[in-house]
Amino acid sequence: MKRHGIAFRLAALILSCAFVILAAIVAYNYAYSRAIILRQSETNSRHLAQETASRIDSVLLSVQKVANNIAYSLEDASLSREDILNLNKRVIANNPEIFGMAIAFEPYTQEPERLYFAPYHFRSGGRIAFTMLGSPDYRYFYMDWYQLPKELEQAVWTEPYNDQGGGGVVMATYAVPFFRNQDGKKVFAGVVTADISLEWLQDMLDDIRIFDTGFAFLLSRHGTFIAHPNRKLIMNHTIFSLAEEMETPEFRQVGRDMIEGKNAFVRIDESIFGNERYLFHTGLEYGGWSLGVLFPRSEMLAEVHKLSNVMALIGLTGFALLALVIIYIARRITRPLTELSQSALEIASGNLDLMLPEVRTNDEVGDLAGSFKVMTNSLKEYIANLTTATAAKERIESELRIAREIQMGILPKLFPAFPDRTEFEVFASIEPAKEVGGDLYDFFFVDDTHFCFLVGDVSGKGVPAAFFMAVTKTLLKVVAEKGLDPGQILTKVNADLASENESCMFVTLFLAIIDIETGETRYANAGHNPPIHLPCGGEPCWIPPFGEPVAGVMDGMEYSTRTMTMAPGDILFIYTDGVTEAMNPEQDLYSDERLMRTVAEMPERFAPALVKTVNDSVAAFARGAEPSDDITMLAMQFCGKCDK
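Quick note on our numbering: the sequence shown kicks off at 3 and runs consecutively.
Quick look at the structure:
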C-alpha cells in the first residue's frame with residue numbers, strides 16, 4: 003500500500019472539504035437561480051400573454067361595438083338602399099381594423115323582388131371595394147356566418163375561414179342578427195357581419211420576441227391555428243392534428259385546456275419539439291380564441307448556465323490558488339517533521355551522537371525537536387544504566403545457574419541409585435519453577451538394613467528457599483544417621499530450624515525409614531501432602547495425614563511416628579503440592595482426584611515408570627502453562643515376592 007505523508011493528507015483533506023463546499027455553492031446557486039428564472043419567466047410570459055390578449059380583445063371589442071351599433075341602426079325599416087350602402091361604406095372607412103362588412107338581409111326583405119340583398123364593402127389595394135353577395139353559387143343565407151346568429155338569436159364569432167365570395171383572404175367574422183317589428187312582433191331581418199383579416203394578428207404575434215426562438219400562436223375555439231410563425235399550419239392544422247402527427251398524446255391535453263380558455267404555465271416534454279420548453283396559455287375574452295406563448299427551457303436558463311459556469315471557473319481558479327497555498331504551508335510545516343523522522347531512524351539505529359536539525363519555530367514542531375534532544379540525552383543515560391544493570395543481571399543469572407547446579411548436585415540424581423541392592427527400587431525427580439527452588443528429596447542407608455527416604459517442600463521460591471532447603475537436607479541426614487525414629491528426627495530438625503528463624507520460613511516433610519528385609523516402614527509427616535500407597539495387585543489409597551504442623555516455625559513441637567508394613571511389589575509415592583496444584587491455561591488445577599486416577603490406571607507398577615507417568619500426565623494437563631510451584635516426586639518400591 004502506498005504511503006502518503008502528512009502534507010499530502012492535510013492538503014487532500016482541506017482541498018476535499020473546499021471542493022465539496024465549492025460544489026455545494028455552485029449547485030445551490032444554480033438551483034436557486036433556476037427557480038428564480040422559472041418564476042420570472044412564468045410571470046413575464048403571463049404578463050406578455052395577457053397584454054397581447056388584451057390588445058386583441060380591444061380590437062375585437064371595438065369591432066363588436068361597431069357591428070352591434072350597425073345592427074341596432076338596421077332595425078329602422080325606413081332605411082333606403084342608398085342609406086344602407088352609404089352606412090356600410092362609411093363604417094369601413096372609419097374603422098381600419100375592419101377588413102370588410104356585409105349587411106345580409108333575409109330573402110325578399112329589403113327589396114321584395116330580390117332573393118339576395120347583401121351589400122359587402124371590403125378593403126382592396128388601398129381602397130374600399132364593393133360587391134353584392136349572393137348568387138346561385140354563393141347562397142349566403144345557408145352559410146354558417148348567417149345561420150348561427152339567426153338560430154341562436156345572438157351575436158357570434160365564426161371559425162376563421164378563407165373568404166371566396168369577398169376579398170379572398172383568411173378572415174374571422176363577427177356576425178350580429180338584427181330584427182324588425184312587424185305587427186308588433188320581433189321578426190328576424192338579417193345579419194350584420196364584420197370581418198377581421200388575420201394578417202394583422204399574425205403581424206402582432208410576429209412582433210413578440212421571447213428569447214431567441216420563442217414564439218406566440220393563436221388557436222380558434224376548435225383548436226385551429228389562426229396565427230403561427232409556421233404559415234403552413236395556419237388554417238391547415240389544429241393543435242390536435244399536430245399532436246397526432248407527432249404521436250404525443252400529452253399535447254392533446256394541452257390543446258383541450260387551451261380551447262377551454264384555461265390559464266396555465268406548463269412544461270412541454272422534449273419528445274414533442276426536440277427540446278424541453280415551457281408554454282403559457284390564456285383564453286381571450288372575445289372570440290373564444292386562446293393565445294399561447296412558447297419558449298425553450300435552454301434559452302430561458304442560458305443566463306443561469308452562464309452564471310454557473312462563471313462561478314465554477316472563479317471557484318476552480320480560487321481552488322487552484324488555495325491548493326498551492328495549502329501545499330506550500332503543509333510542506334513548511336512537515337519539512338521539519340520529515341527531518342526529525344530521519345533523525346529518529348538514525349537514533350533508532352544507535353547513533354545517539356547525531357546532530358538534530360535546528361527548528362526555530364515556537365510551536366508544537368519546535369517542542370517536538372526539543373523533546374528529541376531530551377530523549378537523546380535520556381537514551382544515552384538509560385543505555386549506560388542498562389549496560390550496568392545488564393552486566394549485574396548476567397552476573398546474578400550466572401550465579402543462579404551455579405546455585406542451581408549446586409542445589410541439584412546435593413540431591414541424588416543417579417538412577418538406579420543402588421544397582422547392587424535388589425530388595426527395593428527408588429526413583430525421584432524434581433523440576434524447579436525458577437532457577438532454584440525450595441523442594442527437596444533424599445534417600446540413604448541409616449544402617450545395613452534400614453533405608454531412609456524423604457520429600458520436603460520449603461515455603462517460598464528462589465534463593466532463600468534454596469538455602470533453607472539445603473540446610474534442611476543437611477540437618478535431616480545428620481540427625482537420621484543417629485538411628486532415631488522418624489518422629490524424633492523431625493522433632494530434632496524442627497528445633498534446629500526454628501531456632502533464630504527470623505524470616506519465619508518453614509518446610510513440609512514426609513520422612514520414612516523402611517527395613518529392607520521385612521518391609522516394616524516407620525514414617526512421620528510434618529504438614530506434608532499425604533502420600534499414596536500402591537499395594538501390589540490392589541487399589542491405591544492415601545496414607546492418612548497426622549494433622550501435625552509444618553517444621554521450622556514453632557520450637558518445641560514433637561512429631562509422632564507411625565508404622566506400616568509394605569509387601570513385596572508395594573510402592574510408596576511421595577510428592578509435593580506442585581503436582582496437584584499444577585494449572586493449565588484455563589487456570590484449572592490438576593487436583594488430588596486426577597493424581598489418584600492417573601496412579602490407579604497405570605498398567606505396570608514400577609517406581610521409575612510411576613514417576614514418569616505422573617510427570618507426563620501433569621505436563622499434558624498444563625499444555626505449556628508456566629509452572630507456579632516446584633514439582634517433586636519420589637517413588638519407593640519394596641521388592642520381594644508379590645503375594646496375589
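For every residue, glycine included, the Cβ atom is placed at its ideal position computed from N, Cα and C.
Burial check for R223: the Cβ neighbour count within 10 Å reaches 16 or more, so the residue is buried. Counting along the chain, the unbroken beta strand (DSSP E) around M566 starts and ends at R564 to T567.
For S619, the enclosing alpha helix (DSSP H) stretches over residues A609 to A624. Contact between L574 and P533 is confirmed by a C-beta separation of about 6 Å, below the 8 Å threshold. Between F470 and M507, the C-beta gap is smaller than 8 Å, which places the two residues in contact. Contact annotation: the region 528-544 touches the region 497-511, with at least three C-beta pairs closer than 8 Å.
Here the region 110-123 lies against the region 83-90, with 3 or more beta-carbon pairs under 8 Å apart. I228 sits away from W147, with the two beta carbons spaced by 8 Å or more. For T520, the closest of F640, L477 and N70 by C-alpha to C-alpha distance is F640. For M260, there is no enclosing beta strand (DSSP E); the enclosing alpha helix (DSSP H) has its first and last residue at P251 to I261. Nearest in C-alpha terms to N277, of all of L296, G458, T563 and E201, is L296. V376 is the residue among V376, K188, A325 and E301 whose C-alpha sits nearest the C-alpha of I349. Residue pairing by DSSP places H535 opposite C543 and L574 in a beta bridge. Below 8 Å, too few C-beta pairs join the region 251-258 and the region 202-217 to call them touching: fewer than three.
Annotated as distal: S619 and A435, with beta-carbon spacing of 8 Å or more. In the pairwise beta carbon analysis, the region 605-625 is classified as not touching the region 482-497: fewer than three pairs are separated by under 8 Å. Looking at the DSSP output, Y280 bridges to R269 and F297. Shown here for S501: same chain residues with a beta carbon closer than 8 Å to its own, the five before and five after excluded, namely D557 in chain order. Scanning the region 434-520 for uninterrupted beta strand (DSSP E) segments of 3 residues or longer gives 441-447, 452-460 and 509-517, listed from N- to C-terminal end.
Judged by DSSP secondary structure, I198 falls within the beta strand (DSSP E) whose first and last residues are K187 to S199. By a beta-carbon distance limit of 8 Å, A553 contacts V495. Their separation comes to about 6 Å. According to the DSSP assignment, V581 belongs to the alpha helix (DSSP H) that extends over D579 to T582. Here H49 is exposed: its Cβ has fewer than 16 other Cβ atoms, across all protein chains shown, within 10 Å. In this structure, the alpha-carbon of E425 lies about 32 Å from that of E560.
In this structure, T634 keeps its C-beta atom at 8 Å or more from the C-beta atom of Y384. A residue is called buried once 16 or more other Cβ atoms fall within 10 Å of its Cβ, and P179 is buried on that count. Using a Cβ distance threshold of 8 Å, R41 and L303 do not count as a contacting pair.
In its chain, beyond the 5 residues on either side, L456, V457, G458, Y525, A526, N527, A528, H530, N531, P533 and I576 have a beta carbon closer than 8 Å to the beta carbon of F512.
Of the candidates R258, E522 and D449, the residue whose Cα lies closest to the Cα of M568 is E522. Shown here, W291 sits in coil according to DSSP, grouped into three states, outside any helix or strand. With three or more CB-CB distances shorter than 8 Å, the region 47-67 counts as touching the region 90-100. Rounded to whole angstroms, the separation of the alpha carbons of M173 and G263 is 21 Å. Within its own chain, the residues whose Cβ lies closer than 6 Å to the Cβ of P109, once the five positions on either side in sequence are excluded, are L117, listed in chain order.
Selection L220, C538, R564 and L235 evaluated against I545 yields R564 as nearest (Cα-Cα). Shown here, H239 sits in coil according to DSSP, grouped into three states, outside any helix or strand. By the Cβ neighbour-count rule, R269 is exposed, with fewer than 16 other Cβ atoms within 10 Å of its own.
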